[in-house]
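Peer 1: I am attaching a structure below and will ask some questions about it afterwards.
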Amino acid sequence: MKITLTVNGQAYPLDVEPRRILADVLREDCRLTGTHLGCEHGVCGACTVLVDGEAVRSCLMLAVQCDGSSVGTVEGLAGPDGEPHPLQRAFSAEHALQCGFCTPGFLMVAAGALEADPTIGDDPERVHGLVESNICRCTGYEPIRRAIMRAAR
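Residues 88 to 240 (the numbering used here) make up the sequence shown, in order.
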């Protein structure tokens with residue numbers, strides 16, 4: 088099926104099987120490998136991307152569902168000059184990276200939340216709920232919470 092995805096501002100005209108998930112199309116067809124596949128059941132959040140500004144699990148969404156949509160991946164967070172996004176700088180400063188496998192998903196869920204409501208960083212309970220949506224086996228979550236709150240400032 089012929090579709091067009093706009094990923095990080097670039098149009099990708101694609102011919103995909105209707106059953107292919109968005110994560111696989113991003114990784115294999117668009118060659119954007121920052122989106123990671125962990126559980127492939129929508130639980131871990133490693134595959135989180137933004138579709139029309141909303142954080143979604145790309146392992147649960149078919150690529151054909153995104154035809155004509157704007158998709159944001161971790162590769163699109165940095166500025167045009169390569170300058171890291173405030174979230175990326177905060178994750179580094181707060182040591183919220185560890186092994187890095189889950190990091191793209193956390194960055195994207197946080198980017199979507201901060202875009203929708205820049206005041207989320209003022210409420211530790213809301214940040215806790217946001218971080219709780221993804222799984223990290225290395226950091227213990229506190230550095231991730233601190234990074235999101237730092238980036239929101």
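Even glycine gets a Cβ: it sits at the ideal position worked out from N, Cα and C.
Which word fits S156, buried or exposed, when buried means at least 16 other C-beta atoms lie within 10 angstroms of its C-beta?
Peer 2: Classification of S156: buried, given that the 10 Å Cβ count is 16 or more.
Peer 1: I need the straight-line Cα distance from S179 to R233, nearest angstrom please.
Peer 2: Each residue's Cα considered, the two are about 11 Å apart.
Peer 1: Alpha carbon to alpha carbon, what distance is there between A142 and G199?
Peer 2: Computed Cα separation, rounded: 6 Å.
Peer 1: Under 8 Å between the Cβ atoms of S220 and G132?
Peer 2: It is a contact, given that the beta carbons lie within the stated cut-off.
Peer 1: Since G157 sits in a beta bridge, which residues does DSSP pair it with?
Peer 2: Going by the sequence as given, residue 157 is Ser instead of Gly. Partner(s): T93.
Peer 1: When you compare the segment 89-97 with the segment 149-167, are there three or more beta-carbon pairs, one atom per stretch, that lie closer than 8 Å?
Peer 2: Contact holds: three or more Cβ-Cβ distances are below 8 Å.
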